[in-house]
Every structure is written in structure tokens, then in C-alpha cells.
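K.L.:
Structure below.
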């Protein structure tokens, strides 16, 4: 029984971290940027936090803050050259950025431990701290969504020319989205570092890119809830499909394909739309009866 | 006479296709000017050059004495040169109120003569539907919202790209009437239209462009009587097909 608890407790922590990465991916896509930089920005945060605490003995909250700032700075600096690129070119450029970060992690082994990994990171962060971080981020992102900033993001995502015609600066808002994405990725990278004991450069490589993207695509791109639902589904799925363990990745891919094909808005946003339509239909049939 | 907006010898090209070949036009304060011409003549390209969305390959654009070529489109908007884009382009997921509020971004500290109250008087339906999703509005209501949203940004010159597109004739009449009343209150307007007859009936002056060049220009009521314009753009007494 206690084994069970340990298993699911760990899964819950993974879910919290994954949700953080999902939200980092979500905020850039919200502003119409097709970036996959989240993995690289998370790596910056994770290594910054881990190195400051293991090598310089910084207290972990300070290291987490430094990791967050490092992610923010990374996101902001990425935004400058990327302001000239659009769509799939942004994706390719950010993919290259992630590979560069992985390569630095592998070759700067005096600092990062290289391929052997950065070991013996004290486990200083638990579920409580991670949950608190996620709640704060969710609150802040909901606030962003509800203000003019979120509407400006929405306008840019729909059509940059239209956003410009309303006086919304595309360059400024996309840089801001990158910085926010970097801050969230950096923070949760740091939280992961203080939970997992060891960091490997490849932890923040291609698989994380795909995971973070999937959370958002599966869950939904509009509301803050979407990526969290997406993370929950994609993490619980392998657990409930244990008997199909050998086919786990195939199942994962199949579900993603089905969702993209039949629910391009993602599960949560599709559900919201469905409920809204039903409510509208109900109220209009009521009006018709009166 | 000093002009509010002057475009001089403007040219633009997309991947080798010359959309504009040396267009010059001028709009004075308080005028209501139409830009008419067939599909693909370069009307929308010209408007997009003025609003900064498309960068011209040559020529100059001066707005209140300031050169605009090379200015980011959002800075152009903030100077009060505001475009109502083709196809309305309202933000369907936001409410009517949120759309209008977003329009005020272009003010960036300037003062707007168009308060929410004034816009609601102009288009009462927007006040009625204030908290509804903009996507649930009809096409005509969406066009009113798009105009209202641009007004929130305090325009000194309003550019409209085919506001009649896809609207029922009775709605087109309403929209044009609203534009005339805005003009009567002092707003300068440059209107792009395919529906030449209605555009000439509503405006003071007009430019006819064809294949990226201005081929006729003059007072709207006179152009409407010009045999060459009638033959090409208005049809002999028949209603234009668009």
C-alpha cells in the first residue's frame, strides 16, 4: 500500500513539474509564437539553480530565483533574433537553441558534469513547494489572460496585421511572452533539479520539447487550464495502460494524432466550446418557446 | 492647401509582381475620399502601405508632415492613422467590450474624441451586445464593431478596406451612413471599395486605380458622370455587379 502511495506521490510531482513546462510552452503560443525553446530554458534554470547550490552553497530559494532569472534572460535574448522569424522558422531556430544548450551541457563538464550528469544535488524541494509554485504561476497567467495583455496576445495570435492596426506592438509582446516563458521554464527547471538528485543535459532535449508541446496541443491553447489537463492526461495515461506497457509510446502517439485531427482546439477548449454551444442552443430554444 | 496625408510615387511588389507602380494621392483634413478600382488593382496593397503593414519598395508617405515609410505598423496606428482591416477581423473569442477596449491601445496617451458613449450612440447594437462574444455577432454587427474598435484608438485619419464585403445591401447602406455622419463630425476618411457606385455617392473625392496606377481622380459626383468611369466601373446605368 505504501508502495502505491510512493509511486503516485512521485507521479504527482512529475505532473506538477510537467504542468509548469506546459504553461511555459503555452504562454509563447498564446502570443502566436511557434517556439519550442521551453526545454532549453528549463535547462538553463535547472543547471543555474543546481550549480549555485552544490558548488557555491547558495540557499535553495535564492538558487531557484537565480534559475528563474536566468530563464527569463534566456527567453528575452532569444526573442531579439527571433523577432524577424515566423511560424516554422521560429520552431527550427528554437529547436537549434535547445540543441545548443544540450551541447553546452555535455561539453562544459567541469561546470555541468557533462554526460555523467550533475550528481548529488540535495533534495530540498517537495510536493508542497512545487504545488505552491504552480498555483502562483497559474494565478499570474490567469491574470495575464484576463487583462489587456492577454487580449493583445490574442490579437497577435489571430493576425499580426490586425494587432498592429490596433496599436499593439508585435515585437514587444512577443519578447514579453518569451521572457515569461523563460521565467516559468527556469523556475520549474530549478524545482526539478532540487527533486531529482541528478541532472543530465539530455533530460532537457528532444523528448521534453515533444512533451511540452503535447501538453498544450492536447489540453488546449486558450485557457490556462488546457495545458494542465493535457499534462494530467499524458502522464496518467501510461499508468492506466500498464498492461499495454510495450505499446505505450504507440498509444501516446495515436491519442495525440486523434486529438489533433478531431479536436484541433485541444480537449479542454473543445469541451468549453461544446458546453457554450449547448447553453446557447438551450437559451435560444427557450426564447423561441416564449 | 496642406494635406494631412500625401503618398508620392509609391510602388510595392510581392515576389516580383508589381502591385503598385508609382501611385500618388493626397487627403486633406476633413475629407471623405474613396479609392475604387477592380479586383487586384492594388487598392488593398496601397492601404496596407499607408498603415505600414506592407513596406513599399519606393516612394514616400507623409502624415501630418512626418515620413511614415519604414515605421512599424503599430507606431503608425499610434499616430492616429488607423485601419479597419478587410474582412473585419474582430477577435471572435473576446466580448464586444473587450474588442473595443483593445482598440484603445492605439491611443498610447493621446486623447480620443470618440468615447465609448459616442460609439454606442453611433452603433446602439454594440451597447446592447456588450458582454457577448464578438464571434456571435452578425456580419454587419461585426463590421460596426470593427469600425467602433478603430474609433476607440482616436483616429485622425481612418482607413477602411472594403467595409461592404459580404454584407447585405441594407447593412451596407447603414454602414456608409454611419461613415458619412462621422465625416460630417470632422473625421477624415479614406475608403477602399469595389462597390464603386455607392462609394462615389458617399464621398467628396475619389481616385480610380487600375493595375497599380491612378487612372482617374476628381470630385466623386463628377467622376460618377464621367463616361470613361461609367463605362469601366459603374456599368451603363446597371447596378455594379459585386
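Chains as they are written, first to last, in this note's numbering: chain X, 1 to 290; chain C, 1001 to 1242.
Idealized CB from N, CA, C, for every residue including glycine.
This structure is a prediction, so every number in the text was calculated from the model and none was measured.
If you compare alpha carbons, which of X:58, X:33, X:65 is closest to residue 42 (chain X)?
P.N.:
Working through the first chain from its first residue, we reach residue 42 (chain X) at position 42. Nearest of X:58, X:33, X:65 to residue 42 (chain X), Cα basis: X:65.
K.L.:
So which residues of chain C does residue 158 (chain X) contact, with C-beta pairs closer than 7 angstroms?
P.N.:
Sequence index remark: in the first chain, residue 158 (chain X) carries index 158 (1-based). Near residue 158 (chain X) (Cβ distances below 7 angstroms), the residues of chain C are 1091.
K.L.:
Does the count of Cβ pairs from the segment 175 to 182 of chain X and the segment 106 to 114 of chain X closer than 8 angstroms reach three?
P.N.:
no
K.L.:
For a cutoff of 9 angstroms on Cβ pairs, would you count residue 1102 (chain C) as touching chain B?
P.N.:
Included in the structure are the protein chains X and C, with no chain B among them.
K.L.:
Is the Cβ of residue 1239 (chain C) closer than 9 angstroms to any Cβ of chain X?
P.N.:
Locating residue 1239 (chain C) in the second chain gives position 239, where the first residue counts as 1. Unreliable positioning characterises residue 1239 (chain C) in this predicted model, as indicated by a pLDDT of 47, which lies under 50. The coordinate reading is nonetheless provided below. Not an interface residue.
K.L.:
In this structure, does DSSP put residue 186 (chain X) in helix, strand or coil?
P.N.:
Stepping through the first chain from its first residue, residue 186 (chain X) is reached at position 186. Three-state DSSP puts residue 186 (chain X) in a helix.
K.L.:
Mind checking the segment 150 to 184 of chain X against chain C and listing, in chain order, the residues whose C-beta falls within less than 8 angstroms of any C-beta there?
P.N.:
151, 152, 154, 155, 158, 159, 161, 162, 163, 164, 165, 166, 167, 168, 169, 170, 171
K.L.:
From the beta carbon of residue 1242 (chain C), is the nearest beta carbon of chain X less than 9 angstroms away?
P.N.:
Here the question's residue 1242 (chain C) lines up with position 242 in the second chain. Caution is warranted here: a pLDDT of 45 is assigned to residue 1242 (chain C), below 50, making its placement in the model unreliable, and no coordinate value can be reported.
K.L.:
Do three or more CB pairs link the segment 1133 to 1141 of chain C to the segment 1164 to 1181 of chain C at distances below 8 angstroms?
P.N.:
yes
K.L.:
Give the straight-line distance between the Cα atoms of residue 1037 (chain C) and residue 1225 (chain C), rounded to the nearest whole angstrom.
P.N.:
Translated into positions along the second chain, residue 1037 (chain C) becomes position 37. Translated into positions along the second chain, residue 1225 (chain C) becomes position 225. The alpha-carbon atoms of residue 1037 (chain C) and residue 1225 (chain C) are separated by roughly 16 angstroms.
K.L.:
Do residue 1184 (chain C) and residue 1193 (chain C) have their beta-carbon atoms positioned less than 9 angstroms apart in this structure?
P.N.:
Residue numbering aside, residue 1193 (chain C) sits at position 193 when the second chain is read from its first letter. Residue numbering aside, residue 1184 (chain C) sits at position 184 when the second chain is read from its first letter. Against a cut-off of 9 angstroms, the Cβ pair of residue 1184 (chain C) and residue 1193 (chain C) comes out as no contact.
K.L.:
Alpha carbon to alpha carbon, what distance is there between residue 1051 (chain C) and residue 83 (chain X)?
P.N.:
As a position in the first chain, residue 83 (chain X) is number 83, starting the count at 1. As a position in the second chain, residue 1051 (chain C) is number 51, starting the count at 1. Approximately 20 angstroms, taken between the alpha carbons.
K.L.:
So, for residue 1048 (chain C): in the same chain, excluding its five sequence neighbours on each side, which residues have a beta-carbon less than 7 angstroms away from its beta-carbon?
P.N.:
Numbered from its first residue, the second chain carries residue 1048 (chain C) at position 48. Contacts found: 1054.
K.L.:
Within a Cβ cutoff of 8 angstroms, which residues of the same chain sit near residue 1070 (chain C), ignoring the five residues on either side of it in sequence?
P.N.:
In the second chain, the residue the question calls residue 1070 (chain C) occupies position 70. Excluding positions up to five away in sequence, the list reads 1055.
K.L.:
Shorter than 9 angstroms from the beta carbon of residue 1203 (chain C) to some beta carbon of chain X?
P.N.:
The residue given as residue 1203 (chain C) occupies position 203 in the second chain. By this cut-off, residue 1203 (chain C) is not an interface position.
K.L.:
Compute the Euclidean distance between the alpha carbons of residue 144 (chain X) and residue 1113 (chain C), then round it to the nearest angstrom.
P.N.:
Residue numbering aside, residue 144 (chain X) sits at position 144 when the first chain is read from its first letter. Residue numbering aside, residue 1113 (chain C) sits at position 113 when the second chain is read from its first letter. Roughly 29 angstroms between the two C-alpha positions.
K.L.:
Alpha carbon to alpha carbon, what distance is there between residue 246 (chain X) and residue 1107 (chain C)?
P.N.:
Here the question's residue 1107 (chain C) lines up with position 107 in the second chain. Here the question's residue 246 (chain X) lines up with position 246 in the first chain. Distance between the alpha carbons of residue 1107 (chain C) and residue 246 (chain X): 59 angstroms.
K.L.:
Applying the 10 Å Cβ sphere with the 16-neighbour rule, what's the burial state of residue 119 (chain X)?
P.N.:
The residue labelled residue 119 (chain X) in the question sits at position 119 within the first chain. Flag for residue 119 (chain X) reads exposed.
K.L.:
Cβ closer than 8 angstroms: which chain C residues qualify as neighbours of residue 148 (chain X)?
P.N.:
As a working note, residue 148 (chain X) is residue 148 in the first chain. Residues of chain C passing the Cβ test: 1101, 1102, 1105.
K.L.:
State yes or no: is the C-beta of residue 206 (chain X) within less than 9 angstroms of the C-beta of residue 28 (chain X)?
P.N.:
Position 206 of the first chain, counted from the first residue, corresponds to residue 206 (chain X). Position 28 of the first chain, counted from the first residue, corresponds to residue 28 (chain X). Between residue 206 (chain X) and residue 28 (chain X), the CB-CB gap reaches or exceeds 9 angstroms.
K.L.:
Between residue 1237 (chain C) and the rest of its own chain, which residues show a CB-CB distance below 7 angstroms, the 5 nearest in sequence each way excluded?
P.N.:
Along the second chain, one-based indexing puts residue 1237 (chain C) at 237. With a pLDDT of 48 at residue 1237 (chain C), under the threshold of 50, the modelled position of that residue is not reliable, and the figure given next carries that caveat. Answer for residue 1237 (chain C): no residue qualifies.
K.L.:
What residue range is occupied by the uninterrupted alpha helix (DSSP H) comprising residue 38 (chain X)?
P.N.:
The sequence position of residue 38 (chain X) within the first chain is 38, counting from 1. Where residue 38 (chain X) is concerned, the enclosing alpha helix (DSSP H) stretches over 38 to 56.
K.L.:
Could you tell me the distance, in whole angstroms, from the CA atom of residue 21 (chain X) to the CA atom of residue 134 (chain X)?
P.N.:
Start at 1 with the first residue of the first chain, and residue 21 (chain X) comes out as number 21. Start at 1 with the first residue of the first chain, and residue 134 (chain X) comes out as number 134. Between residue 21 (chain X) and residue 134 (chain X), the C-alpha separation is close to 10 angstroms.
K.L.:
Count the other CB atoms, across all protein chains shown, that sit within 10 Å of the CB of residue 55 (chain X); report buried if there are 16 or more and exposed otherwise.
P.N.:
Along the first chain, one-based indexing puts residue 55 (chain X) at 55. If you draw a 10 Å sphere on the C-beta of residue 55 (chain X), you find fewer than 16 other C-beta atoms in it, and that means exposed.
K.L.:
Please state whether DSSP places residue 1060 (chain C) in a helix, a strand or coil.
P.N.:
Position 60 of the second chain, counted from the start, is the residue given in the question as residue 1060 (chain C). It is a strand residue.
K.L.:
I need the straight-line Cα distance from residue 95 (chain X) to residue 1152 (chain C), nearest angstrom please.
P.N.:
Here the question's residue 95 (chain X) lines up with position 95 in the first chain. Here the question's residue 1152 (chain C) lines up with position 152 in the second chain. Cα to Cα, the separation comes out at about 40 angstroms.
K.L.:
What is the DSSP secondary structure of residue 1188 (chain C), reduced to helix, strand or coil?
P.N.:
Translated into positions along the second chain, residue 1188 (chain C) becomes position 188. Strand.
K.L.:
Using a Cβ-Cβ cut-off of less than 9 angstroms, give me the residues of the segment 263 to 281 of chain X that come near chain C, in sequence order.
P.N.:
276, 280
K.L.:
With a threshold of 7 angstroms on Cβ separation, who are the neighbours of residue 238 (chain X) within its own chain once the five nearest residues in sequence on each side are excluded?
P.N.:
Counting from 1 along the first chain, the entry for residue 238 (chain X) is found at position 238. Within the same chain, residue 238 (chain X) has close Cβ partners 248.
K.L.:
Could you name the residues of the same chain whose beta carbon sits closer than 6 angstroms to that of residue 1013 (chain C), not counting the 5 residues immediately before and after it, in chain order?
P.N.:
As a first step, residue 1013 (chain C) must be located in the second chain, where it is residue number 13. Only 1057 meet the Cβ criterion.
K.L.:
Can you give me the C-alpha to C-alpha distance between residue 25 (chain X) and residue 233 (chain X), rounded to a whole angstrom?
P.N.:
Residue mapping note: residue 25 (chain X) aligns to position 25 of the first chain, counting from 1. Residue mapping note: residue 233 (chain X) aligns to position 233 of the first chain, counting from 1. Looking at the two C-alpha atoms, the distance is approximately 17 angstroms.
K.L.:
Residue range of the alpha helix (DSSP H) that residue 244 (chain X) falls in?
P.N.:
For this step, residue 244 (chain X) is matched to residue 244 along the first chain. Here residue 244 (chain X) belongs to no alpha helix (DSSP H), and DSSP marks it neither H nor E.
K.L.:
Near residue 105 (chain X), which residues of its chain fall below 6 angstroms by C-beta distance, leaving aside the five closest residues on each side in sequence?
P.N.:
Taking the first residue of the first chain as 1, we reach residue 105 (chain X) at position 105. Around residue 105 (chain X): 112, 201.
K.L.:
Using a Cβ-Cβ cutoff of less than 8 angstroms, which residues in the same chain neighbour residue 1130 (chain C) once the five nearest sequence positions on both sides are dropped?
P.N.:
On the second chain, residue 1130 (chain C) is found 130 positions in, with the first residue counted as 1. The residues are 1095, 1096, 1097.
K.L.:
Hey, would you say residue 165 (chain X) sits closer than 9 angstroms to residue 1157 (chain C), going by beta carbons?
P.N.:
Within the first chain, numbered from 1, the residue matching residue 165 (chain X) stands at position 165. Within the second chain, numbered from 1, the residue matching residue 1157 (chain C) stands at position 157. Going by C-beta atoms, residue 165 (chain X) is not nearer than 9 angstroms to residue 1157 (chain C).
K.L.:
Would you identify the three-state DSSP class for residue 35 (chain X), choosing helix, strand or coil?
P.N.:
Residue mapping note: residue 35 (chain X) aligns to position 35 of the first chain, counting from 1. Coil.
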